[in-house]
Structures are given as structure tokens and as C-alpha cells.
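Those protein sequence lines, which keep their order, are chains L and F.
The first sequence maps to residues 1 to 806 in full-length UniProt numbering.
The second sequence maps to residues 1 to 225 in full-length UniProt numbering.
Below is one structure, written out as C-alpha cells; the observations come after it.
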Amino acid sequence: MLHNYLKIAFRNLWKHKTYTLINTVGLAVAFGSCLLLFLTAYHELSFDNFHTNGKNIYQLYNQTGLSNKGVPMPAPLTTALKKEFPQDIKHIVRVVSGGTIRYGDKSFSKTVRYVDEPFLQVFSFPTQRGARPESALSSLSSVVLTETAAKDIFGSENPIGKTLSLQDETGWKPFVVSSIVADYPDNSSFRFDMLVRFEADPTYQLNKDNWDDSYHTVFLQLADNVTQASFEQKLRGVVKKYYAGNLSNLKRDGSQPDENGDLYSLRLLPLRDLHFDPEVGTAEVPPVKKSYPYLLLIVAGFIVVIACINFINLSTARSLTRSREVGMRKALGALKSQLFLQFWGEALLISLFALTLGGLLTYGLLPVFKQVFRSTTSFSYFQQPAILISLLIGFLLITFVAGGYPAWFMARFNTIKVLKGGISLNRTSILRNTLLVVQFAIATLLITCTVIAWQQINFLRKMPLGYNEDQVISIPIRGSINGRQMLRLLRDRLSQQPRILSITGAYKNFGRGLDGSTVTSIMGFEHNNHSVQSHWQIVDYDYLKTLDLRLIAGRDFSREYATDTTTSVIINEAMAKALGDRNPIGALMQVDSGRAPLQVVGVVKDYHHESLKRKIQPNTLIMDQGWPIGYALVKIAPDNVPATMAMLKKTWEELDPNSTFQGSFLDENTDRLYKAEERLSQLFISAAIVAIVLSCLGLFAIAVMVMTQRTKEVGIRKVLGASVLSIVALLSNDFLKLVVAGIVIASPVAWYFMNQWLQDFAYKIDIEWWVFVLAGLLAIGIALLTVSFQSVKAALMNPVKSLRTE
Amino acid sequence: MIQTVNLQKLFATEEVETTALHGISMDVRDGEFVAIMGPSGCGKSTLLNILGLLDNPTAGEYHFYGTEVSRMSERQRAQLRKGSIGFVFQSFNLIDELTVYENVELPLLYLKTPADERKARVEEALTRMNIMHRRNHFPQQLSGGQQQRTAIARAVVAKPKLILADEPTGNLDSANGEEVMKLLMQLNDEGTTIIMVTHSPYDAGFAHRIVNLFDGKIVTENFHV
Ligand SMILES: Nc1ncnc2c1ncn2[C@@H]1O[C@H](COP(=O)(O)OP(=O)(O)OP(=O)(O)O)[C@@H](O)[C@H]1O
Ligand SMILES: [Mg+2]
């Protein structure tokens, strides 16, 4: 019997090639897209889930009032926490980055992290060789390398016991390789090439008792029996005890308390949420909103729904051509359940084939996909049994619904009626029409959302940042020469070059450079009896000139004033407002109680010194010589950029043969900040296109079917004198009504969701009414094109022919 | 042995109620050949469907070889139908996707007949119906007469006690019709009970008995020798 079923299944599939093709290709594309979306979403959701202690690990952050979050902590806080809660805290780890390394006479651009001793006990980066996690960092002069870093530096030599030199502000210091750990996986928020002890960082000696300098992050591994809520409760006591001054200042300034009534609080972010908190999450891997992976899954669901609808519509419509088979089988004594199984089996067969095809598609397209969307996901997730099983269950559920309904529909055919030949397509039209409306509602929803998301992203990209981003190259200074010295050398070598317009330096970069790092430093101080917080940027001469920042009051830094390298500052408008002086020029800022006050010498027009996700914050520019210069900023002439770039690179490498040139334009750097969003919107656009194409495919097939059914009617109408146009209108009309219904349903839903989405942006577009009109027209246009192809064909048919076929 | 007592069939749609059968009481003995005649719409097909266990009557009794079947579920009817009734339709109702051989084989598959016996019986039926040479053709590649011979082969392959034929010659020319009638006669001679609906007095002439229906009622019954 099975043999007979298979035979008839294959013959049927072969006979109705168009439908089989549309069905399988449609399903395969849907399955393939879903698998890709699933892989991407899973990759994002799986971030940092590989740490064995994961559920007990938290990152510490502070929050001022309701929303202002900060990650950098002062060094003595850790000491205080250890003392206060020896029971609750299992391990506490401080992390700060820095340093350049040298082995022999070669220097390497590697990411160095200064971490506390238990780092490798808290986080799971398995040891490959050398000392175990407990002892790998027991010495202040130990260094732990990742496998790849070890290979890069030592090649095939055994790295254990070898000595590396690490450069910091104070010069070169030797470290001995104690252990090699496995490379961090792609879904790790922590990215590092080497680890050294936190105490080995020279700034530690200066800052270990300084509560005013917050410069590192803190991770806690709590004891098993301690919950996040209970520990956060305890941290309120810590704030009262150690941040009393801070609290009274906030109170005096009339700060808004948070939901617990706290003006300032220390809080915990679970490790698993690190990747989803744009404010707290690490800078190395740009965090994404947690809703994004879920949105991807929803879109994947939409695509499956559309494919299922196609499958149901096509199968039920096509099933009518098999009604005689059903009737005859029933007359011969087949049971309903037998027929159901037969037809469901056929559906399963198609689905399995489509799944295989879709799987191959995913596998084949994954490299391209990863490249286009800069995704680091991997096909190997499918090797995890839990995922494989849930996918299989999902697949069976889909085939159960998509194949089950048509099978049930067919098994229920009235034997006598079908043997008489009396079942027509119209009987199923309510369900079919509902499904088509749903399908087009989804497609319109996706079109609308995509258009709005694209507008918003474009808006952010096109928004003037207030500084020259396309002519300025930023170069991380990571070699053996100190930043200020490097600047001096650069100026000497390049000042005569006509293509180099201006050179300056800064402590912090704009956006995210090729070194991958972003730094935030914020200073807080008292000013006229209220506290002021400001971003702190250390700059060099010609900063304003290089970046085309507009001075709106006062003057620029100048070599003519000796105080400019010590106490002069230039502030932005937001800072001027925060200070609150009527005339900010000349205002004195007592930032450090032990030192001379800083004096405002100039005010620049606000510019976006941070990501566009945040409103412009107060910012202070200072030439303080006590801070390092991390980046050289070079403005070049707009013509012949490649040659200038090459010249810069050559000069750079001549000046410091030990370092690699990592210059990039500022606009590239700021684009990197929106990479995550952009990548995801591209993904949405692609998914929307897949969804729309699939919807059209289904509509096309249904149109073919309906036209075939109506051939006779069209013939009669033509004989009676109807024009081609009136017939096309007649035939397309039914479909258009459905599409319009879909649009009417989708538009308010799209408006609601996109409005929610836009709330997260500090700078956002207004949703315009024409977007909905455009999306609607687009949907109508596509549908009309799809349908009219068939209706025109039917309308042009010779009536004599079409009547004879009956 | 088939017996109906006062069979009624009512078709109720939203607008109209049609009484297709108005109290049909008839007996058909084993081995009998009965022809049912009457004007279009008088209820011949409706009666045949009920006799063939494809449908239930609205009222009345139907004893099918001693079993009262008029209140049976579809499932029970399907079980009873399997192998005991063969159908022949005016429009052949062959499955387009199956070859002649496979179409004829189908009833045996539902009866779970073992493969070797199945093969023997299908070939026997095909040979009898003189269609063996076309065994690997699909229905569309056959003439109307050949299609109907295939349908008859399919109706007899399971060796049913009863064959129901609804205008078996309706779509055939006279030569092909004659041949189909001969085949039915032959089957009847071998003991198969046949009930046939027809519009053709000539075809009806082959039957032992002609039942004339009018407006859902039996009006006359003519017996032949
Ligand atoms: N499914 C149905 N629903 C409603 N009315 C029906 C249905 N099937 C048959 N009828 C009605 O029942 C009556 C008998 O129909 P039936 O098909 O038995 O006629 P018939 O004698 O076989 O006619 P013909 O010689 O044209 O085949 C007709 O009036 C028909 O309209
Ligand atoms: Mg009839």
C-alpha cells in the first residue's frame, strides 16, 4: 500500500509541476531563511552562556536617579565590598584595558586586560597548557595568553616561561607567560589576547585609595545562595556608607530619585544580560537590544506562516483535481483516517524535501550571509541536541498544520458528490481568502516596518555630527613611542606637506576605531553649590581646527598661553549650560580639590562626541599633560585620498617601525557604532523581501488556479462582448480586495510597533503618513502585477478554445 | 440477498427540500440482474448510492445480506463495502495518476491481499476484460470503451457479491456499450448480483427484471424470463 501511495504521490507531484515547484521552492526558501534567522538570533541570545558560573556572575554598575548608568568604578570600592561581604561575594574581579607588548625586538598590537587574580576562576576560558586557573595569575609578573596570541607571538616555540615586555606609561616591564587559555568563543562579550594582574597596572598605585577616579569595571561572582535582589539591597547600605558626600550633593541639587527612592545606587547586571544592555555592556562587542533577536525569531515565524499559508492554499486548491481519486478510494472502502494519512504523508514528503533543500541552502549561503551581515554565527549550533530536537519538533508542527489541514479537507470530501464531479474551488474560498489577507497583512507589516527602520537609520547616518568626519583620520598610537612624542614627530615630518591640513591628538577616539576600543571618562565636581558631571577629553593643539569645531565664545588653545597646557579648558554648550554661569568664559572649575582650579577659555558649539543614541552631554576639552594621548587625528585634503593615506602609513611606520598603522576615517568609526543596528535592519529588509516574494508566489499560484476555474466563464463573457480590460478588472478585483484588507489591518499595527521602537532613540524621525500609503501602494502594485499576469492571459484567450475545454 | 423497506431520502438545502426517494421497498435475490429505469431526476442514482452503502437513507430499513445497515456510521459502511460491492460509473472514475494495472489493483490493496495473489487476480481480471495489453497505460491514453472495461475490471477484481453500475454505457458508443453489457451478463452468469441504472431500453433488456422509478417511487416492475 505504501508503495502505491508513494507512486501516486510522485506522479501527482510530477504532473502538477508548477505547484510542486512553488510549494517546494517556497517552503525551502522559507525553511532556509528561518534557519539563518534562527542561527543569528540564537547566536545573539547565546552570548556569554558558556561560563560555568554564569548564573552567579554580575557586572556592577551605578545608577544616578532613574536612568543615568555608569560602569567605571573606583579601585577602593572593591576593597570595601570584599571587607563588607566576605560571605556573599565568592570572587570579585576588576578589569581595565591597556598596554602594548613586545617580544624580542618585535611589538604586537594585542588587547591586554589587567584583571584581578580570580579572573580565570570566575570566567570559563579553559586552560590549554601551563598553570591552572587558580594559580595562573598568582604572580604580579605573570601573563596569560590566548592560544592565537601565543601562536602569533611565539610561533611554534613553547611559550610557557618565556618573558614578554609590556609597555605602560612608565616604560617597559617584563612578564613571564604562565599559562595558555583557549581562544574566547565568538559569543563572548569578553575579548582579550592577554591577561595580566590588575595590580600590575601603574595607575593602580596612584588610584588604589582614590574614590574619585572611576576607571575600571567590576565583576562579581556571588555565593550560590545569594540572589541579585538581596545583594542589591545590601549595596544600598554600601552607598550610604561610602558615598555619603555624593548623596548629599545629589540631594542638594534636587536630583530625581529612582523607583526605590534612591538618588544613587549600585546595581548588578547579570552576565547573561551583558550583551543586551547598550549602556552597561562591554564595548568590544557592541551590545544589541534584547528585543532584536526575538524580533528576528518573529520575522522567521512570519515567513513560516506565509509559507504555510501558501502550502495550505495550494494544496487545498489542488486537492480538488484529486477529488475523484478520493471518491473512488472511499467507494472502494478506504477509511477517512487512511486518506488523511495518505495526503498528510504526501505533505510530509514535500516538507522533508524542502527542509533538506532549505538546510543545504542555509549551509551554502551561511558564509555569504555571515559576510553580508557581519554575523559571527555558526552552523555548528545545529550540533547541539537540544536545538536539533526543538527544530525537529517545530518542523513536525509546521507540517502537521500545513499538511494536516489540506489532508483533513480532502479526507472529508463527500463521496457521492465528488463521484458526480460536483466539487468546485469556491467552497474553500472563505478560508483561502482569510489566509491571503493574513499573508498580505504580514507582508505589508514587514514592508512598512522596514521602510521606517531604514528611514531612522538613514536619518542617524545623515545627521550632521557637528565635526568634520570625512576628512579626518584617527590613528591609534600603540607603538613604542609615547603619544605626545609621536605627535611631535608627526608634526615635524608632515607640517610641510600640502595634503596634510592639520594635526592634533586626543585621549579618546571618535566612534569605534580599528583598535576596537571605546572609552568613556566622566569627571564630577562641585560648581557654585551644585554638582556638575562632564565628559573629559584630553586634547592637543589644533583640536578645534582639525575637527572644524565651531568656537562660539572665547578662544582656542594656543601656544602663546602657558596656562593652556595646565588649567585652561574649552567646554561645549551643554557644559556651559550645566555650569550655569551667565558668562561661562573665565568661569573657574574646582575639579580637583588639591590643585589649582581650571578656567574656561572657550565654548564650542555642541557636537556629537558620543553615539547618536544619546543626547549631547556636557563635554570638557583639556590639554592636561598628566593624561596620555591615545590617538593622532590628521585632517587631510579631500583630493587624492589613497595617496595621502599611503604617505601617512609610510611616514607612521618609518617613525615607529614597531607599530602597525591603524588609521581610519572618523565617519568609518562612527558608522561602526551603528553596525549592530544597521546589520539588523539589513536583515529585516532581506527577510521582508523573502516574505513578500513568498506571498506573491502563493498569490500567483492561487491566481493560476482561479483563472483555470473561470476559463469557461471568461469565454462566455467574451462571446457576449466583454472587453479584455473589463475581464482583467473583473478577475483582479477579487484579489485586490483581499490585499487592501491586509493593508488596512497591517498599517495600525506597524504604526504602533515602530512608534515603540523609535522611543529608544534620542534623535528620531516622525512617522509620516505617506509611508503607509507607499507601503500599501507597493503591496497593491506587487499583487496586481502578480495577478494581472494571469488575468490578462485568461482574458486574451480565444473564447472558442476555452469553451471547448469544458 | 438485499432487501429495502420503505426507504426515504430527503435532501434539505437552505432554500429547498427535495424528497428524492418516497418509500422504496424492493428485494434483490442473489444472482439477480436488476435494471433501474426512469426519467432524469427520479432518484435512480440516489437509490443506487444507498444500495451501495455510499449514503444513508433518511428513513426506512436496508438489510444488506442480513445486516441492517441504514443507521451505520460511515466507518462501518466502509468496512462492509470493502470487497463486497463493486462500482461501475458512467464517467468511469478511474484515477488519472495510476496505470490501468494499478487502478485495478487498488481494491485489493485496501483488502490487504498478499502480493502474489494480488498479481494473479489483477491479471485475471485484466485478461477477462480484454485490457491486459494496455496494463501499463494511463486512463487518459485509453478510449472510452477501454476505460470502462478497466473500471469493470476494478469492480470485479475483489470478486464482490454485488456490482452496482450507474449508466455504465452512458458515455459509450453502441459497439462499446454492447461489449460492456456482454461482460456484465457474463459476470451475472457466474453468479454475481448486478443492479444497473440505465436510460437505454436495449440495455435494460439484458436484465431479469426492470424496476421503473418515477418521482422517487417504484411504479412498475417488469420481469423477463
Ligand atoms: N446532494 C443533493 N442535494 C440536493 N438534492 C439532491 C442531491 N442529490 C440529488 N438530489 C435531488 O434528488 C433527486 C434525485 O436525484 P438523482 O441523482 O437520484 O436522479 P437520477 O434519477 O439519477 O437522474 P439522472 O437520470 O439525471 O442521473 C433530484 O431531484 C436531485 O435534484
Ligand atoms: Mg443519475
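Even glycine gets a Cβ: it sits at the ideal position worked out from N, Cα and C.
Everything numeric in this text was worked out from a predicted model, so none of it was measured.
Within 8 Å: the Cβ of residue 133(F) and any heavy atom of ligand 1?
no
Check whether the stretch 19 to 37 of chain L and the stretch 355 to 372 of chain L touch, using three or more Cβ-Cβ pairs below 8 Å as the test.
yes
What residue does the alpha helix (DSSP H) around residue 154(F) start on, and which one ends it?
144 to 156
Report the partner residues of residue 172(L) according to the DSSP bridge assignment.
167(L)
Can you give me the C-alpha to C-alpha distance between residue 736(L) and residue 190(L), rounded to a whole angstrom?
53 Å
Please enumerate, following chain order, all residues with a beta carbon closer than 5 Å to at least one heavy atom belonging to ligand 1.
11(F), 18(F), 20(F), 40(F), 41(F), 42(F), 43(F), 44(F), 45(F), 46(F)
Got a sec: is the Cβ-Cβ distance from residue 427(L) to anything in chain F below 9 Å?
Confidence in residue 427(L) is poor, its pLDDT being 47 and thus under 50, which makes the residue's placement unreliable; the coordinate value appears in the next sentence. Taking Cβ atoms only, chain F never reaches closer than 9 Å to residue 427(L), which makes this a no.
Does the Cβ-Cβ distance between residue 746(L) and residue 440(L) come in under 9 Å?
yes
Does chain F have any CB closer than 9 Å to the CB of residue 806(L)?
Low confidence applies to residue 806(L): its pLDDT is 35, below 50, so where it sits in the model is not reliable, and the reading given next is rough at best. Not closer than 9 Å to any Cβ of chain F, the Cβ of residue 806(L) fails to qualify, so no.
By the DSSP assignment, the beta strand (DSSP E) with residue 194(L) in it spans what residues?
194 to 197
How would you call residue 427(L), buried or exposed, if buried means at least 16 neighbouring beta carbons within 10 angstroms?
With a pLDDT of 47 at residue 427(L), under the threshold of 50, the modelled position of this residue cannot be trusted, and the question is left open.
Residue 742(L) CB to nearest chain F CB: under 9 Å?
no
Closer than 8 Å at the beta carbon, the chain L residues around residue 49(F):
416
Here's a check: name, in chain order, each residue in its chain whose Cβ is nearer than 8 Å to the Cβ of residue 762(L), leaving out the five neighbours to either side.
612, 613, 614, 615
Classification of residue 346(L) by the beta-carbon crowding that lies within 10 angstroms, buried from 16 upward
buried
Neighbour list for residue 411(L) in chain F, Cβ cutoff strictly below 9 Å:
Residues of chain F passing the Cβ test: none, with the nearest at roughly 11 Å.
I'd like to confirm the pairing. Which residues does DSSP put opposite residue 662(L) in its beta bridges?
Residue 662(L) pairs with nothing; no bridge assigned.
Judging by CA-CA distance, which residue of 322(L), 195(L), 537(L), 390(L) is the nearest neighbour of residue 12(L)?
322(L)
Assuming residue 300(L) and residue 700(L) are in contact, meaning their beta carbons sit under 8 Å apart, how far apart are those beta carbons, in whole angstroms?
23 Å between Cβ atoms; not a contact.
Could you have a look at residue 101(F) and say whether DSSP puts it in helix, strand or coil?
helix
Please state the DSSP three-state secondary structure of residue 12(L).
helix
Quick check on this structure: which residue in 1(F), 80(F), 31(F), 40(F) has the alpha carbon closest to the alpha carbon of residue 192(F)?
31(F)
If I measure Cβ to Cβ from residue 17(F) and keep anything under 8 Å in the same chain, skipping five residues before and after, which residues do I get?
10, 11
Tell me which residues of the stretch 4 to 30 of chain L have at least one Cβ-Cβ distance to chain F shorter than 8 Å, keeping chain order.
4, 7, 8, 11, 12, 15
Skipping 5 residues on each side, what residues in its chain have a beta carbon closer than 8 Å to that of residue 804(L)?
Note that residue 804(L) scores 45 on pLDDT, short of 50, meaning its location in the model is unreliable; the coordinates nonetheless yield the value given after this. There are no such residues.
Short CB-CB distance (under 9 Å) between residue 460(L) and chain F:
no
Determine which residues share a DSSP beta bridge with residue 68(F) and list them.
63(F)
Kindly indicate which three-state DSSP category residue 116(F) falls into: helix, strand or coil?
helix
With a threshold of 8 Å (Cβ to nearest heavy atom), would residue 30(F) be considered close to ligand 2?
no
Per the DSSP calculation, residue 9(F) is bridged to which residue(s)?
21(F)
According to DSSP, residues forming a beta bridge with residue 270(L)
58(L)
Using only the heavy atoms of ligand 2, determine whether one of them is closer than 8 Å to the beta carbon of residue 734(L).
no
For chain L, find out if any of its Cβ atoms is closer than 9 Å to the Cβ of residue 87(F); answer yes or no.
yes
Where residue 379(L) and residue 610(L) are concerned, what is the direct C-alpha to C-alpha distance, given to the nearest angstrom?
36 Å
Any beta carbon of chain L sitting closer than 9 Å to that of residue 91(F)?
yes
Can you find a C-beta in chain L that's less than 9 Å from the C-beta of residue 226(F)?
Any answer about residue 226(F) is impossible in this case: the structure gives chain F only from 1 up to 225.
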